[in-house]
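Visitor: Under the working numbering, residues 363 to 782 are what the sequence shown spells out, in order. Note that CB positions come from ideal geometry on N, CA and C, so glycine has one too. Below is the structure I would like to discuss, written out as structure tokens.
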Amino acid sequence: MSTVTPRAPAQSSHPGARTQPAHRAASFVLDASILAALLAASSAPTPLYPHYQDAWDLSALTITVVFSAYSLTLLLALLTTGALSDHLGRRPVLVSALLLEAASMVLLASADGAGALITARILQGAATGAATSAAGAALLDLHDPLRPGRSALTNSIAPVAGMAAGVLASTLLVRFAPAPTVTVYVLLAVLFAAQAIAVTFTAETARPHAGALRSLLPHLAVPPSASSALLAVGTAVVAVWALGGFYSSLGPALVHLVAPDAPQAVGGMVFFVLTAAATLTVWTLRRTAPRAAATGGSLAVVPSAALSLLGLHGGGLPAVYGGAALAGVAFGAVSQGALRMTLAPLDEQDRAATLAAYYALSYLSMSLPAIAAGAATQHYGLRTAAHAYAIAAVLLAAAALAALAVSRRRPAHSAHNDLP
């Protein structure tokens, strides 16, 4: 899910930000590739969950715990290390986090049970939280006044595009490569190690300063200028991130329930459809008014849930995939609109704390409902859990539409398109 860095550009105050154009372009591409690769790794296990369940006799609850271990650790890492690269510099944080990410891939490749999977995903979440903050901040440091909006758009699109690529690559490797539970992670480990080496050759774009230890203290605060916007769109954020968590953790199981004879690869592709749709939506709506985007995304939750349930009542895979596509549209639209609505009224120094609060809400919404769905699946079956989840998503969407409608009547700050 998309990650936006909490810090604003600093190129005017540090010589590293005034590197030659060719070096700036190479650094920008590298930082964007790091964001994409990190989120590709986060979604790579999704097509493998059915294999883990069959090989190790894991329950649906265990699978959602494996998934949520990553999300909750990433949340903690964002709250504690999100500003660390402002104090230590982008390069040392990125190199350390990428090497830790590579180590987590090695652990995933050698995992032999649920405990090892959970441990590896915790390590991965910590590394991803630290690296996405630093890479996203570096993208903003490299902001080009001649190309306004490029850094912000890259911060929004690279993560969801990476998730789509990760699911697709993992699905193809499951289908065609030997040892699929090893191959995808080995390839990713090599990629992260190569990126860590490449980062050492880039120019530092931040000005390191004291306060690194103090910055590690978790802190959530939303200034009054943004609190009304976050309250207005918060329910919509909960709805779409909860949908993303469901499809990421239990999507393959849902496909298997609807079409038991379908190849395993078909189950993995359902989350690819969601993330690909989210990527296209973020790009398409980049100039749409943020409140309109959030409202449209909330509306898309309703047919998404309906199609998913239709798949359980005779609609088959087309309905399930259609529901996933609409869930992606909802996710992309709400995320795009929510970030811009929340960040528009902020001064530069308030964005870090506000983004921390936004992602705290987002990752809790992704992980906790997924665990609840896994527990419900274990006790009542996936069919019942899917019905309950769909109904809850629709109710949240209805509440979000009401909150957005009420907030529209209040004086609102103007929202700008070119915001990180």
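With a 10 Å radius around its C-beta and 16 neighbouring C-beta atoms as the bar for buried, classify ASP448 as buried or exposed.
Guide: Within the sequence shown, residue 448 is the residue found at index 86, counting from 1. By the neighbour-count rule (16 or more Cβ atoms within 10 Å), ASP448 is buried.
Visitor: Can you give me the Cβ contacts of ALA459 inside the same chain, cut-off strictly under 6 angstroms, excluding the 5 residues immediately before and after it?
Guide: The residue given as residue 459 occupies position 97 in the sequence shown. Closer than 6 angstroms at Cβ, skipping near neighbours: ALA489, ALA492 and ALA493.
Visitor: Going by alpha carbons, who is nearest to LEU534 out of ALA476, PRO570 and MET631?
Guide: If you number the sequence shown from 1, residue 534 lands on position 172. Closest by alpha carbon: MET631.
Visitor: Between VAL522 and ALA598, is the Cβ-Cβ spacing less than 8 angstroms?
Guide: Stepping through the sequence shown from its first residue, residue 522 is reached at position 160. Stepping through the sequence shown from its first residue, residue 598 is reached at position 236. Not closer than 8 angstroms, so no.
Visitor: Assuming ARG653 contacts ARG770 (C-beta within less than 8 angstroms), just tell me the rounded distance between them.
Guide: Working through the sequence shown from its first residue, we reach residue 653 at position 291. Working through the sequence shown from its first residue, we reach residue 770 at position 408. So it is a contact: roughly 7 angstroms between Cβ atoms.
Visitor: For THR562, count neighbouring Cβ atoms within 10 angstroms of its own Cβ and tell me buried if that reaches 16, exposed if not.
Guide: Position 200 of the sequence shown holds residue 562. That one is exposed.
Visitor: If you count every other CB in all the chains shown that lies within 10 Å of the CB of ARG386, and 16 or more means buried, which is it?
Guide: Numbered from 1 along the sequence shown, position 24 holds the residue referred to as residue 386. ARG386 comes out buried.
Visitor: Pair every Cβ in the stretch 468-477 with every Cβ in the stretch 745-765, then say whether three or more of these pairs are closer than 8 angstroms.
Guide: As far as the Cβ criterion goes, the stretch 468-477 does not touch the stretch 745-765, which means the pair count is below three.
Visitor: If you draw a straight line from the C-alpha of ALA686 to the C-alpha of ILE559, how long is it?
Guide: The sequence position of residue 686 within the sequence shown is 324, counting from 1. The sequence position of residue 559 within the sequence shown is 197, counting from 1. When rounded, the distance between both Cα atoms is 37 angstroms.
Visitor: Between the alpha carbons of ARG483 and SER660, how many angstroms are there, rounded?
Guide: Within the sequence shown, residue 483 is the residue found at index 121, counting from 1. Within the sequence shown, residue 660 is the residue found at index 298, counting from 1. Spanning the two alpha carbons is a distance of roughly 30 angstroms.
Visitor: Let's test the definition: count the other Cβ atoms within 10 Å of the Cβ of LEU410 and tell me whether it reaches 16, buried, or not, exposed.
Guide: Translated into the one-based positions of the sequence shown, residue 410 becomes position 48. So LEU410 ends up on the buried side.
Visitor: How close, in whole Å, do the beta carbons of GLY797 and THR643 come, if the pair is a contact with beta carbons under 8 angstroms?
Guide: Residue 797 lies beyond the residue range present for the chain, which begins at 363 and ends at 782; the question has no answer from this structure.
Visitor: Taking 8 angstroms as the cut-off, decide whether the C-beta atoms of THR704 and LEU592 are in contact.
Guide: As a working note, residue 704 is residue 342 in the sequence shown. As a working note, residue 592 is residue 230 in the sequence shown. Contact flag set, yes.
Visitor: Measuring only the C-alpha atoms, how far is ALA767 from ALA735?
Guide: To locate residue 767, count along the sequence shown from 1; it is residue 405. To locate residue 735, count along the sequence shown from 1; it is residue 373. So the alpha carbons of these two residues sit roughly 30 angstroms apart.
Visitor: Do TYR547 and LEU479 count as a contact pair if the criterion is CB distance below 8 angstroms?
Guide: Position 117 of the sequence shown, counting from 1, holds the residue named residue 479. Position 185 of the sequence shown, counting from 1, holds the residue named residue 547. No, they are not a contact pair.
Visitor: Along the chain, which unbroken stretches of the alpha helix (DSSP H) at least 4 residues long are found entirely within the stretch 515-584?
Guide: For the stretch 515-584, whole alpha helix (DSSP H) runs of length 4 or above, ordered along the chain, are 542-561 and 574-577.
Visitor: Is the distance from the Cβ of ALA422 to the Cβ of LEU456 below 8 angstroms?
Guide: Position 60 of the sequence shown, counted from the start, is the residue given in the question as residue 422. Position 94 of the sequence shown, counted from the start, is the residue given in the question as residue 456. Contact flag unset, no.
Visitor: Would you report the Cα separation of GLU710 and LEU392, rounded to the nearest angstrom?
Guide: Indexing the sequence shown from 1 puts residue 710 at position 348. Indexing the sequence shown from 1 puts residue 392 at position 30. Annotation note: pLDDT 47 at GLU710 (below 50); position unreliable, coordinate value reported separately. Going from the Cα of GLU710 to the Cα of LEU392 covers about 25 angstroms.
Visitor: Return the chain-ordered list of same chain residues with a C-beta closer than 6 angstroms to the C-beta of LEU671, the five sequence neighbours on each side being excluded.
Guide: Stepping through the sequence shown from its first residue, residue 671 is reached at position 309. If we look at LEU671 and ignore the five residues flanking it on each side, its Cβ neighbours are ALA752.
Visitor: Between which two residues does the alpha helix (DSSP H) holding ASP506 run?
Guide: In the sequence shown, counting from the first residue as 1, residue 506 sits at position 144. Per DSSP, ASP506 belongs to no alpha helix (DSSP H) and is neither H nor E.
Visitor: Under 8 angstroms by Cβ, that's how I've got THR408 and PHE633 pegged, so tell me the actual separation to the nearest angstrom.
Guide: Looking up residue 408 in the sequence shown gives position 46. Looking up residue 633 in the sequence shown gives position 271. Yes, THR408 and PHE633 are in contact; Cβ-Cβ is about 5 angstroms, under 8 angstroms.
Visitor: Is the beta carbon of GLY524 closer than 8 angstroms to that of LEU400?
Guide: For this step, residue 400 is matched to residue 38 along the sequence shown. For this step, residue 524 is matched to residue 162 along the sequence shown. Yes, they are a contact pair.
Visitor: Mapping DSSP to helix, strand and coil, what is LEU420?
Guide: In the sequence shown, residue 420 corresponds to position 58, counting from 1. If DSSP states are grouped into helix, strand and coil, LEU420 belongs with coil.
Visitor: Would HIS618 and PRO454 be called neighbours here (beta carbons separated by less than 8 angstroms)?
Guide: If you number the sequence shown from 1, residue 618 lands on position 256. If you number the sequence shown from 1, residue 454 lands on position 92. No, the pair does not count as a contact, with Cβ atoms beyond the cut-off.
Visitor: Between LEU436 and ALA748, what straight-line distance do the alpha-carbon atoms span, to the nearest angstrom?
Guide: Numbered from 1 along the sequence shown, position 74 holds the residue referred to as residue 436. Numbered from 1 along the sequence shown, position 386 holds the residue referred to as residue 748. Between LEU436 and ALA748, the C-alpha separation is close to 26 angstroms.
Visitor: Is the beta carbon of ALA640 closer than 8 angstroms to that of ALA755?
Guide: What you label residue 755 is simply residue 393 of the sequence shown in a count that begins at 1. What you label residue 640 is simply residue 278 of the sequence shown in a count that begins at 1. It is not a contact, given that the beta carbons lie outside the stated cut-off.
Visitor: Helix, strand or coil, according to DSSP, for GLU710 in the structure here?
Guide: The sequence position of residue 710 within the sequence shown is 348, counting from 1. In this predicted model, GLU710 has a pLDDT of only 47, less than 50, meaning its place in the structure is not dependable; the value taken from the coordinates is given anyway. In this structure, GLU710 counts as helix in the three-state DSSP scheme.
Visitor: To the nearest angstrom, how far is it from the Cα of SER495 to the Cα of PRO622?
Guide: On the sequence shown, residue 495 is found 133 positions in, with the first residue counted as 1. On the sequence shown, residue 622 is found 260 positions in, with the first residue counted as 1. Going from the Cα of SER495 to the Cα of PRO622 covers about 41 angstroms.
Visitor: Residues in the same chain with beta-carbon distance under 6 angstroms from GLY573, minus the five sequence neighbours each way, listed in chain order, please.
Guide: Here the question's residue 573 lines up with position 211 in the sequence shown. Closer than 6 angstroms at Cβ, skipping near neighbours: HIS449.
Visitor: Among the candidates PHE390, THR739 and GLY699, whose CA atom is the shortest distance from the CA of ARG509?
Guide: Translated into the one-based positions of the sequence shown, residue 509 becomes position 147. Per the Cα distances, PHE390.
Visitor: What does a CB cutoff of less than 7 angstroms around GLY596 pick up in its chain, not counting 5 residues either side in sequence?
Guide: Working through the sequence shown from its first residue, we reach residue 596 at position 234. Result list for GLY596: LEU723, in chain order.
Visitor: Can you list, in chain order, the residues of its chain with a C-beta nearer than 7 angstroms to that of ALA737? Leave out the 5 residues immediately preceding and following it.
Guide: By 1-based counting over the sequence shown, the position of residue 737 is 375. Within the same chain, ALA737 has close Cβ partners LEU423.
Visitor: Using beta-carbon positions only, say whether ALA394 and ALA539 come within less than 8 angstroms of one another.
Guide: Your numbering for residue 394 matches position 32 in the sequence shown. Your numbering for residue 539 matches position 177 in the sequence shown. No, they are not a contact pair.
Visitor: To the nearest angstrom, how far is the alpha carbon of HIS418 from that of SER727?
Guide: Taking the sequence shown and counting its residues from 1, one reaches residue 418 at position 56. Taking the sequence shown and counting its residues from 1, one reaches residue 727 at position 365. Residue 418 is actually Trp in this sequence, not His. Straight-line Cα distance between these residues: approximately 28 angstroms.
Visitor: Do SER611 and SER527 have their beta-carbon atoms positioned less than 8 angstroms apart in this structure?
Guide: Locating residue 527 in the sequence shown gives position 165, where the first residue counts as 1. Locating residue 611 in the sequence shown gives position 249, where the first residue counts as 1. As written in the sequence, residue 527 is Ala, which differs from the Ser given in the question. No. Outside cutoff.
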